[in-house]
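Down below is the structure, laid out as structure tokens.
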Amino acid sequence: MYAPAGVKTSAEFPIPDSMKAWVLGNPGELTLTDKPVPVPKRAEVLVRIDAAAICATDLEVIYQGPPGMIQGGLPFNKNFTPGHEYMGTVAALGPGVDEYKIGQRVAVEIHAGCGQCKRCREGMYTSCHNYGLNYGDVDKGHRANGFTTDGAFCEYQVNDINTLVAISDDMSDEEGALVVTAGTAMYALTELGGLVAGESVVVSGAGPIGLMVVAVAKALGAQPVILTEMRGNRLKIALELGADAVVDISKEPDVVAAVKKLNGGKGVDYVVECSAASKAVNDAVHMVNRGGKVCLAAFTHDQASVDIAHIVSNNIYLYGIRGEGKSAVHRAEAFMRQKRFDATKIHTHTFPLADLPTAIRYAKDRVDDAIKVVVKAKLDAVHKVAAE
Ligand SMILES: [Zn+2]
Ligand SMILES: [Zn+2]
């Protein structure tokens with residue numbers, strides 16, 4: 010049985026020595042294998058993973074590599090387990106940990122910065138200058154589970170206590186796994202953007218992040234919040250999450266003019282670009298008003314052509330966002346605890362952990378209108394019992 014020196018466990022939460030874990034081989038190639046259950050160090054806990062959501066960034070890591078970075082390079086064929094959006098139950102405490110209890114349910118932030126670089130000292134640990142420098146004799150203590158250290162497509166993972174967010178008991182596992190998604194939306198709007206109530210927001214693209222930006226922007230008091238998207242079912246969900254208006258770009262040839270018309274002709278204060286369409290970046294800089302801000306939240310693979318002169322002459326701010334710094338996830342959880350929006354509207358499918366490749370196919374190809382797809386190891390146990 011699992012009983013590493015200095016680690017506190019409980020008879021109520023027996024932990025096996027080994028666990029099922031998916032491992033990334035060549036690009037796009039995942040294999041289910043056995044790994045030892047990891048051991049928490051000082052200021053870390055062991056989390057039993059109860060639900061892990063698939064994110065578009067997981068697809069980037071699994072098929073392209075970056076922003077995954079293992080042992081200083083691409084994440085392929087390094088016994089690496091991807092997956093970064095998850096929740097679970099604290100199962101064991103590393104030396105000195107008294108901030109959390111065994112049995113407590115938690116959502117997790119992804120990034121535990123090194124704690125010593127300039128950005129970490131500013132609270133911007135998702136931009137840690139020692140990103141991925143956590144192996145061999147370059148150990149800076151940085152962790153980003155599912156990017157630079159093993160992630161969530163397995164049964165247990167180690168988390169720094171700084172990355173834990175206690176969740177409300179009435180939150181389902183699936184909703185708990187979406188807390189970090191909402192945290193990213195929060196970070197884009199408030200910590201990086203500086204949004205205050207009454208400002209206007211356009212969200213381009215209704216993927217999981219785009220839909221969460223709509224929900225969080227409304228909860229923050231933004232007015233109006235406008236979503237632009239081409240898939241009709243997503244427009245409906247955006248309205249349910251509080252969007253004041255939607256623009257169906259499959260029917261609207263001039264999306265910039267349509268947005269401006271909805272907001273008195275001058276453009277909006279913020280655009281959060283979540284569509285990854287290369288044209289969307291240039292549209293975004295024309296949708297904001299003078300002095301407005303454009304947040305880039307999607308990985309655009311094609312080169313984007315952008316009207317720089319327009320940006321300069323209109324004092325427009327353009328910024329990228331990585332993850333969920335400055336404890337934005339805690340604030341997102343507070344909104345969800347208060348039921349200010351229903352994040353479960355974006356959860357569409359749950360599969361057993363053993364069916365991860367199917368779950369990824371649903372997320373990637375949007376099979377059956379999939380938005381957020383979750384995998385659960387506990388479902389494996391349920392299936393097993395049913396089969397016996
Ligand atoms: Zn993600
Ligand atoms: Zn750092």
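Heads up: the sequence shown runs through residues 10 to 397, numbered per my numbering. Glycine included, each C-beta is placed from N, C-alpha and C at the ideal position. As the structure is a computational prediction, the values presented were derived from the model and not from experiment.
Please find out if some non-hydrogen atom of ligand 2 comes closer than 7 Å to the beta-carbon of residue i.
i: residue 137; result: yes
i: residue 331; result: no
i: residue 134; result: yes
i: residue 319; result: no
i: residue 129; result: yes
i: residue 120; result: no
i: residue 151; result: yes
i: residue 283; result: no
i: residue 126; result: yes
At the level of alpha carbons, what is the spacing between residue i and residue j?
i: residue 397; j: residue 34; result: With a pLDDT of only 49 at residue 397, under the threshold of 50, the placement of this residue in the model should not be trusted, and no figure is reported.
i: residue 157; j: residue 138; result: 13 Å
i: residue 9; j: residue 237; result: Past the boundaries of the shown model lies residue 9; the chain is included only from 10 to 397, so the question cannot be answered.
i: residue 384; j: residue 204; result: 34 Å
i: residue 86; j: residue 268; result: 46 Å
i: residue 308; j: residue 289; result: 12 Å
i: residue 145; j: residue 159; result: 15 Å
i: residue 382; j: residue 340; result: 23 Å
i: residue 315; j: residue 50; result: 47 Å
i: residue 292; j: residue 265; result: 6 Å
i: residue 37; j: residue 272; result: 43 Å
i: residue 328; j: residue 303; result: 6 Å
i: residue 173; j: residue 364; result: 27 Å
i: residue 4; j: residue 387; result: Here the chain comprises residues numbered 10 to 397, so residue 4 is not present and cannot be evaluated.
i: residue 3; j: residue 285; result: Residue coverage of the chain in this structure runs from 10 to 397, which leaves residue 3 outside it and unanswerable.
Is it buried or exposed, residue i, if we count other Cβ atoms within 10 angstroms and call 16 or more buried?
i: residue 331; result: buried
i: residue 129; result: buried
i: residue 358; result: buried
i: residue 12; result: exposed
i: residue 206; result: exposed
i: residue 10; result: exposed
i: residue 295; result: buried
i: residue 151; result: buried
i: residue 82; result: exposed
Please tell me whether, using a cut-off of 7 Å, the distance from the CB of residue i to the nearest non-hydrogen atom of ligand 1 is below it.
i: residue 123; result: no
i: residue 40; result: no
i: residue 94; result: yes
i: residue 64; result: yes
What does a CB cutoff of less than 6 Å around residue i pick up in its chain, not counting 5 residues either side in sequence?
i: residue 208; result: 231, 278
i: residue 185; result: 96, 116, 176
i: residue 88; result: 32
i: residue 78; result: 141, 157
i: residue 108; result: 170
i: residue 120; result: 134, 135, 153, 332
i: residue 373; result: 68
Residues bridged to residue i by DSSP?
i: residue 282; result: 213, 305
i: residue 326; result: 302
i: residue 89; result: 33
i: residue 152; result: 121
i: residue 163; result: 30
Apart from the five residues on each side of it in sequence, which residues of its chain come closer than 7 Å, Cβ to Cβ, to residue i?
i: residue 306; result: 197, 218, 281, 282, 283, 330
i: residue 127; result: 138
i: residue 5; result: The requested residue 5 is not part of the displayed model; the chain covers only 10 to 397.
i: residue 92; result: 61, 67, 155, 160, 161, 162
i: residue 324; result: 299, 300
i: residue 22; result: 100, 111, 112
Give every residue of the same chain whose Cβ lies closer than 8 Å to the Cβ of residue i, excluding the five residues on either side of it in the sequence, and list them in chain order.
i: residue 380; result: 216, 217, 220, 243, 246, 355, 356, 357
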